[in-house]
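*Asks:* Right, I'll just put the structure down here and ask away after.
Residue numbers (my numbering): 117 to 279.
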């Protein structure tokens, strides 16, 4: 957005930015919930939120520092620093254990789990993941291997929760 030279490119950049925020807000807690040790999940799930808040705060501070002028690019640029840092950090993350186990990479799954869990917890989680990957109707197999099939009884999230 900070490099846009027309209203159209600004809008495209804005929509891409919002799409990235939505994906990050959805995928980060799922990944953390799958990889992290249960006692650390709450703390680790606050980190993406802190980065989002830091980005907004930095944009507000930049706006106050710039003053009433047409230097809006500085405001957007400063606010994009925390998401950029998070994006670079995501490149260092290992693959999801459930994705690895479904694709048959058992050794890699154990390696990923050893980074975040005790040896006893690794054995327990490996058994659960392997069992879930072999069950045709399990959530892991259904979410990773198969595409969702819409049905006529789709009542939204609340309806699925209370079925």
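Where is the CB? At the ideal position from N, CA and C, for every residue including glycine. As the structure is a prediction and not an experimental result, all values here were calculated from the model.
Check whether the Cβ atoms of residue 171 and residue 210 sit closer than 8 Å, and answer yes or no.
*Replies:* It is not a contact, given that the beta carbons lie outside the stated cut-off.
*Asks:* Starting from residue 280, follow the alpha helix (DSSP H) in both directions and report where the run begins and ends.
*Replies:* Missing from the structure shown is residue 280; the chain here goes from 117 to 279 and no further.
*Asks:* For residue 157 versus residue 148, is the C-beta distance shorter than 8 Å?
*Replies:* It is a contact, given that the beta carbons lie within the stated cut-off.
*Asks:* Measuring CA to CA, which of 165, 152 and 239 is closest to residue 138?
*Replies:* Among 165, 152 and 239, the Cα nearest to that of residue 138 is on 165.
*Asks:* Give me the residue from 223, 212, 217 and 167 with the minimum Cα distance to residue 194.
*Replies:* It is 167.
*Asks:* Relative to the C-alpha of residue 250, which residue among 144, 232, 226 and 214 is closest?
*Replies:* Among 144, 232, 226 and 214, the Cα nearest to that of residue 250 is on 214.
*Asks:* Apply the 10 Å Cβ neighbour rule to residue 74 and answer buried if 16 or more other Cβ atoms are within range, or exposed otherwise.
*Replies:* Residue 74 is absent from the structure shown; the chain starts at 117 and stops at 279.
*Asks:* Leaving out five residues on either side along the sequence, give the residues of the same chain with a beta carbon under 6 Å from the beta carbon of residue 146.
*Replies:* Closer than 6 Å at Cβ, skipping near neighbours: no residue.
*Asks:* In terms of residues, what are the limits of the alpha helix (DSSP H) holding residue 153?
*Replies:* Note, residue 153: premise wrong, no alpha helix (DSSP H); not H, not E.
*Asks:* Less than 8 Å separating the beta-carbons of residue 153 and residue 232?
*Replies:* A contact, by the Cβ cut-off of 8 Å.
*Asks:* Take residue 224 as the anchor and find which of 246, 178 and 206 has the nearest alpha-carbon.
*Replies:* Looking at the Cα atoms, 246 is the closest of the given residues.
*Asks:* With distance defined between alpha-carbon atoms, name the residue in 144, 234 and 179 nearest to residue 207.
*Replies:* Closest option to residue 207, Cα to Cα, is 144.
*Asks:* Looking at C-alpha atoms only, which residue of 236, 161, 129 and 125 is the closest neighbour of residue 142?
*Replies:* Among 236, 161, 129 and 125, the Cα nearest to that of residue 142 belongs to 161.
*Asks:* From the DSSP output, in three-state form, read off residue 171 for me.
*Replies:* Helix.
*Asks:* Do you know how far the Cα of residue 163 is from the Cα of residue 189?
*Replies:* In a straight line, the C-alpha of residue 189 is about 26 Å away from that of residue 163.
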